[in-house]
Amino acid sequence: MTASEGHPGSEAHPGSEAHPRVVVGVDGSPSSYAALRWAVRYARLVDGVVEAVHAWSTPTELSWSGLVIDPDFDLNNARERFAQGLDAVFGAGRPAELREHLVEGDPSEVLIRASQGADVLVVGRRGRGGF
147 MTASEGHPGS EAHPGSEAHP RVVVGVDGSP SSYAALRWAV RYARLVDGVV
197 EAVHAWSTPT ELSWSGLVID PDFDLNNARE RFAQGLDAVF GAGRPAELRE
247 HLVEGDPSEV LIRASQGADV LVVGRRGRGG F
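First residue of the sequence shown? That's 147 in this note's numbering, and the numbers climb one at a time after it.
This is how it looks when you write it as structure tokens:
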């Protein structure tokens, strides 16, 4: 599995310089999975790479002792949800042209950063990301 946590597009992918970059937002909604399938089909037509981007954030909740924040728990949950979503779309055989990016932050801001320098940005209908 090729995965990075941080800012997509900031790391170099060996051999991808000459290949079109197709960035797709994946938020766990059915329309984001359809967008991911489309992005892979398109990337194959243009000999490109697909960067699947899943944004997550640490929700905070107020308890009697104050704010409760557990970023490690939230990161692990986000990682698991992202992997389950990709498994639902592709099964065990992930496409060779797929790069996975799990990024903490606001979904719309994360996608804007990820799409800088990309040839195509693919999103589904409004899903769980709130944009």
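Built from N, CA and C at the ideal position, the CB exists for glycine as well. Because the structure is a prediction, the values reported are computed rather than measured.
Fill in: Own chain, CB closer than 6 Å to V266, minus 5 neighbours either side, in chain order
V168
Discussion item. Please report the straight-line C-alpha distance between E246 and V192, rounded to a whole angstrom.
Written reply: 19 Å
Discussion item. To the nearest angstrom, how far is the alpha carbon of V268 from that of A181?
Written reply: 6 Å
Worksheet item: Who are the near neighbours of P241 in its chain, counting only those whose CB is closer than 6 Å to its CB and skipping five residues on each side?
Response: V186
Worksheet entry | Cβ neighbour criterion (16 or more within 10 Å) applied to G270 | buried
Fill in: 8 Å contact criterion, which A234 and Y179 should meet: CB distance rounded
7 Å
Discussion item. Beta-carbon within less than 7 Å of G231's beta-carbon, same chain only, minus the 5 sequence neighbours each way: which residues are those?
Written reply: V172, G174, Y179
Worksheet item: With a Cβ-Cβ cutoff of 8 Å, do L244 and V196 count as a contact?
Response: yes
Worksheet item: Between L248, A189, G237, which lies nearest to R225 when the distance is taken from Cα to Cα?
Response: L248
Fill in: Secondary structure of G171, DSSP reduced to three states
strand
Practice prompt. Look up V268 in the DSSP assignment and say whether it is helix, strand or coil.
Written response: strand
Fill in: Assumed close pair P166, G194 - CB separation to whole angstroms, cut-off 8 Å
4 Å
Discussion item. If we require 4 or more residues per run, which alpha helix (DSSP H) segments fall completely within the segment 180-254?
Written reply: 217-236
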